[in-house]
Each structure stands twice: as structure tokens, then as C-alpha cells.
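Participant: Below you will find the structure I want to go over with you.
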Amino acid sequence: MPGDRLQFWTLYLARFAEGFGFITLITLLPYYINELDPSGTTVFGITIGAGLIVGLYTTGFTFAQTFAVVPLAWAGDRFDKRLVLLGVLGLGVGVYALFPLVDSSASFIAVRALQGIAVTGAGLMSLSLVGQIATLETRANYIGKANAASFAASILGSLSAGSLYEAFGFGPIFAIIVCIMLVAWLGTYLSLEPDDTRVHGFPFADLAFNRRLLTISSFRFQYAFAVTLVRTWVPIFAGVSAAQGGLAYGALAVSLTVVAEKFTNMCCQPFTGRLSDAYGRALFVFAGGGAYGLVALAVPFSPAIGSALGVPAELVVSVPAVLAGATLPAWLPLESLPAQLSLFGEVSPAFLPLVALSGLLGVADSFREPASMALFADEGTDDGGVASSFGIRELVWRPGSVIAPLLGGWLMYELSMASVFYVGGAFALTGVATFLLILVRSHGRNALFEW
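Under the numbering used here, think of the first position of the sequence shown as 163, with each following residue one higher.
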């Protein structure tokens, strides 16, 4: 058991590194849009609008992920998952070192594609090993803890990205990511035991027709559109200019909208994972997915909610009140300090409701994610291909993650910012409805409570 505990912590570190790099790019995305100033262009006689180019900033990442899933998952089942994990962590070191050199939309899309391969490989191998080492009765709990490590990195990444970008620009942010990836690589090399499981053949072929995986995939396919749209466009909504339908907040305020979801998700997942181990997984998938859709529909109403509640347009603190009872140095008299200090710069009344809604999105998804992952790990472990099972999970996600950013960019420029969240919420609700229908018809009325 002590050896397993060390391996779990090593895998949590790998998840931390993966999550730190991923969320940093999500947080900086609106600033890359402003910096690179995407505009329409013509390629081989085909006109590509600015909205599609913005979509490609994310789709370049997810498109590369799609092609990487099958070979990486197959290699993990056929060979040593530890060696594959070391390889993709090493790739991540090189990729994040390239981001400061980006100077155009084309180069940004290309490096994002390489990042997609590194993130996919690290996620597949770390989760596969967590699921393989854990027992059936503890699997969702350990997966929840691994995800919590990723969300902790997301919180630190978001906060450091916003503050470092405003102070120093892009360069120092990626230097930090490279160092974290190197530490994760070294920890994996020194602490993780070799994986001696070997699966011959092509496990994808058998798992593709697994009834339980087909059932959960009916939900996951649609839910991918919902999460990709909502998770990507919350920081865009907060950070882009008002002319583009956004709220034009500063980097720190944008970071906090991202952090709110990650923090609540991080805090809840180990607990909700333990509950799904005890009470079944399908109910948590259904409840979490449905709640996510409802909260997503409310995001565009954050300005109206803030106005109705009378939320101030600027959040300030009283400096004398904060320093009451404190002893200041002689060279810093209280009279020299401002009477009030703005926390996030000038924000609109929508800010606090948007942060609260983002936090609720994290709570909702914390019910769904460890239960869903554990279902895939259960089936993969039983059928002898846990990496391939997670690979199928990734492939089912890919159409939504590839198409949704393009759809979101088109909706944002051609219709409205609000329409992105309406469409995202609708996908989540239709996903849980389809899941419940197939679950009841194919597995019985009690399946929702028995899986």
C-alpha cells in the first residue's frame, strides 16, 4: 500500500502539470486574440472569416488530440504506460518552450496542435494508471483526487497567468510551465513503477461494442459540445471587448471567473467520487450533466442578475479599515496611502454573478466527471484494455471539442455572445435526456440507481 500511495501521488503530479499548462492557455486565449488580431483571410480561394480563425485557436488543439488518441492509447495497453507517460511529458517541455516564439495566428495554431498531443497523452496515461492501480470500490475516489490535482493546477495557472501577463507579458508564464513539466517528468522517472500489463491485439475493437460504454457515450458525445462551448467562452465573455459582446474585464478578473469553476470542482470531486463508489455512477452522471446545462443557460443573464441585485460596478476595500491595528514603518505613513483600493479594476455589476455561476458549473461537473471516468475505467479494466477504454472516452469527446469552438466562433460573431451559452446548455440537457432514455430502455428502470 505505501508503494501504491507513492505512485498515486506521482500520477497526481503528472495531472497537476498537465492541468497547469492547459488552463494557462485557456486563460490567455482572449489576450492572444487581442495580440494576434485575427482577421479574415483567403486560402486556396476559400475565405476564412475571423470567427473561424478564433475557433481554430482551440480546434487546432483538439484536432491534434483526435489523431493522437488511438496510437497513444494502443501504445499504453500494448507497452509500458510509464514510458509513454515519460514521452508525452517530455514533449510538453518542448511545446511550452515554443509558445513565447509565437508571432502569428498560424504559428499559434500549430503550437497549440503540439500541445494537444502532449495534454492528451499525459491525461490518458495518468488516468489509465490511476484506474489500473485502484480497486473497483475506490476507483472513482482516486480518479476524483487525480482530477482535483489537475484543478489545483488550473487555479494556480489561472491566477499566475493573469498577474504575470499584466506585469511581464507571455514569456515568464511559459518558463514556469516548463519547470513544472520537468519536475513531473523527473518524479515519474524516479517514483513510478514499470507497468507490466500487456494487451495484445486491438482492444478498441471489442470495447467499441460494449453496451455500457455505448450507453454512457450517448451522453458524452453531446455533453462535449456543452462543456467545450461553456468552458471556453466564459473567459472569452469576461475578457473580450464590449464591441465583441464581452465584458472587457482585466486579466485578474478573467482569471477569477475561470478559477471559480476549478476551485469548486477541485473541492467537490474527491467527495463526489467517493459517493459514486458507494451509491453507483449513472445517477451522478445524469444529475451533474443536467445541472450543468441549467447553469450554462443562466450565464448570459449575469449582467441582468447583477443589476437586479444592485451589485456595485467597482469592488473596493477601505485601506484604513484593512490596516486597522497594524504598525506601519515610519517611512510609510497612513496618510500617504489611498483611502480606497480597487480589487479588480473597474468591473460591471455582472462580475460577481458571473463568478458565482462559474462556481456552480464546477459543482455540477464534479458530480458527473469522476463517476463517468470510473465507468470507463471499470469496463476497460474488466476487458483488459483500460487505456483503450479511456481512449474511446476521448474519441467520443472529440467531435464536440473540434466542432464546438468553430460553432462558438460563428455564433459569437454572427449571432450573439449569449447564443453560445444557450446552445451549450441545450446540448447538456439533450445529452442527459438521451442517456436516461437509453439507460431505461436497454438496461431497465432501475439502471439509473444500480450502475
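From the three backbone atoms N, C-alpha and C, an ideal C-beta is built for every residue, glycine too.
Tell me whether N309 is buried or exposed, calling it buried when 16 or more other Cβ atoms sit within 10 Å of its Cβ.
Facilitator: Reading the sequence shown from its first residue, position 147 is the one you call residue 309. Buried, since its Cβ has 16 or more Cβ neighbours within 10 Å.
Participant: Specify the secondary structure class of R382 as computed by DSSP and reduced to three states.
Facilitator: Taking the sequence shown and counting its residues from 1, the one referred to as residue 382 is at position 220. It is helical.
Participant: Quick check on D242: does DSSP put it in helix, strand or coil?
Facilitator: Sequence index remark: in the sequence shown, residue 242 carries index 80 (1-based). In the structure shown, D242 sits in coil (DSSP, three-state: anything other than H, G, I, E or B).
Participant: The alpha helix (DSSP H) spanning E556 covers which residue range?
Facilitator: Position 394 of the sequence shown, counted from the start, is the residue given in the question as residue 556. Its alpha helix (DSSP H) spans residues 548 to 572.
Participant: How would you write the range of the alpha helix (DSSP H) that Q406 sits in, first residue to last?
Facilitator: Within the sequence shown, the letter at position 244 stands for residue 406. Premise fails: Q406 is in no alpha helix (DSSP H) and is neither H nor E.
Participant: Does DSSP put W159 in a helix, a strand or coil?
Facilitator: This structure gives no information on residue 159, because the portion of the chain shown stretches from 163 to 613.
Participant: Can you give me the start and stop residues for the alpha helix (DSSP H) that Y584 sits inside?
Facilitator: The count along the sequence shown starts at 1 and reaches residue 584 at position 422. Residues 579 to 605.
Participant: When we look at the beta-carbon of V602 and count the other beta-carbons within 10 Å, is it buried (16 or more) or exposed?
Facilitator: Indexing the sequence shown from 1 puts residue 602 at position 440. Answer is exposed; the Cβ neighbour count stays below 16.
Participant: Going straight from the alpha carbon of P334 to that of L326, what length do you get?
Facilitator: For the purposes of this step, residue 334 is taken as residue 172 along the sequence shown, with counting starting at 1. For the purposes of this step, residue 326 is taken as residue 164 along the sequence shown, with counting starting at 1. Each residue's alpha carbon lies about 7 Å from the other.
Participant: Could you pull out every residue in the same chain whose Cβ sits closer than 7 Å to the Cβ of F459, ignoring the five residues on either side in sequence?
Facilitator: As a working mapping, residue 459 is identified with position 297 in the sequence shown. Correcting the residue type first, residue 459 is Leu in the shown sequence and not Phe. Counting only Cβ-Cβ distances below 7 Å, and skipping sequence neighbours, we find F583, Y584, G587.
Participant: Please report the distance separating the alpha-carbon of F182 from that of L599.
Facilitator: In the sequence shown, residue 182 corresponds to position 20, counting from 1. In the sequence shown, residue 599 corresponds to position 437, counting from 1. Rounded to the nearest angstrom, the two C-alpha atoms are 37 Å apart.
Participant: Would you say L198 and W347 are within 7 Å of each other, going by their C-beta atoms?
Facilitator: Against the sequence shown, residue 198 aligns to sequence position 36. Against the sequence shown, residue 347 aligns to sequence position 185. For L198 and W347, no; Cβs fall outside 7 Å.
Participant: Which same chain residues end up closer than 8 Å to E299 when comparing Cβ atoms and leaving out the 5 residues on each side of it in sequence?
Facilitator: One-based indexing of the sequence shown puts residue 299 at position 137. Result list for E299: D439, in chain order.
Participant: Just the C-alpha distance for Y411 and L318, rounded to the nearest angstrom, thanks.
Facilitator: Position 249 of the sequence shown, counted from the first residue, corresponds to residue 411. Position 156 of the sequence shown, counted from the first residue, corresponds to residue 318. Rounded to whole angstroms, Y411 to L318 spans 19 Å at the Cα level.
Participant: Tell me the rounded alpha-carbon separation between R360 and G293.
Facilitator: Start at 1 with the first residue of the sequence shown, and residue 360 comes out as number 198. Start at 1 with the first residue of the sequence shown, and residue 293 comes out as number 131. In a straight line, the C-alpha of R360 is about 16 Å away from that of G293.
Participant: Does the Cβ-Cβ distance between G450 and F529 come in under 7 Å?
Facilitator: The residue you call residue 450 lines up with position 288 of the sequence shown. The residue you call residue 529 lines up with position 367 of the sequence shown. For G450 and F529, yes; Cβs fall inside 7 Å.
Participant: Span of the alpha helix (DSSP H) holding E423?
Facilitator: Within the sequence shown, the letter at position 261 stands for residue 423. Segment 413 to 441, the alpha helix (DSSP H) holding E423.
Participant: Output the residue ranges of the alpha helix (DSSP H) runs that lie fully inside the stretch 223 to 287 and measure 4 residues or longer, sorted by chain position.
Facilitator: Listed in chain order, they are 243 to 260.
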